[in-house]
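**Student:** Pasting a structure here, questions to come.
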Amino acid sequence: MRFLAILECPVIFSGENTYSMTSIDMCPSVGVTRGLVSRHVKVLDATIIAVCIWEDERFSQAYFDADWYEKAGVLWGDRYRLRLEPIEESQVA
Numbered sequence: 568m569r570f571l572a573i574l575e576c577p578v579i580f581s582g583e584n585t586y587s588m589t590s591i592d593m594c595p596s597v598g599v600t601r602g603l604v605s606r607h608v609k610v611l612d613a614t615i616i617a618v619c620i621w622e623d624e625r626f627s628q629a630y631f632d633a634d635w636y637e638k639a640g641v642l643w644g645d646r647y648r649l650r651l652e653p654i655e656e657s658q659v660a
């Protein structure tokens with residue numbers, strides 16, 4: 568069953584944190600991240616919205632692991648939202 572991840576986070580640049588990462592660095596990349604089917608990114612009012620579709624939940628869980636959450640806390644604090652949910656077959660049709 569396909570799995571959906573929607574990340575909303577502020578735009579952060581590499582010089583603004585101890586990891587030297589940008590907000591887009593925290594988003595999975597198609598062709599690089601195992602199990603990622605598609606990624607769509609939009610920037611609106613200094614907020615990144617990344618919609619990711621995964622082959623199944625285990626790939627999403629492997630990407631959004633404890634290390635990812637630790638880095639997210641450093642980069643964004645409580646200013647991000649990550650929604651993870653299965654995509655029901657009836658929703659696709």
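Just remember that my numbering sits 567 ahead of the position in the sequence shown, which is counted from 1.
We put the CB at the ideal spot given by N, CA and C, even for glycine.
Quick check on the burial criterion: 16 or more other C-beta atoms within 10 angstroms. Buried or exposed for A617?
**Tutor:** A617 should be labelled buried.
**Student:** Candidates S627, G602 and V641: which alpha carbon is nearest P577's?
**Tutor:** V641
**Student:** Assign M568 to one of two classes, buried (16 or more other C-beta atoms within 10 Å of its C-beta) or exposed (fewer than that).
**Tutor:** exposed
**Student:** Is the stretch 599-607 touching the stretch 619-633 in the sense that three or more CB pairs, one from each, lie closer than 8 Å?
**Tutor:** yes
**Student:** Measure the CB-CB distance between T600 and Y630 and report whether it falls below 7 Å.
**Tutor:** Closer than 7 Å, so yes.
**Student:** In chain order, what residues of the same chain lie with their CB nearer than 8 Å to the CB of I615, ignoring the 5 residues before and after it?
**Tutor:** L574, E575, C576, P577, V578, S590, I591, C594, V608 and K609
**Student:** Taking buried to mean at least 16 other C-beta atoms within 10 Å of its own C-beta, is A639 buried or exposed?
**Tutor:** A residue is called buried once 16 or more other Cβ atoms fall within 10 Å of its Cβ, and A639 is buried on that count.
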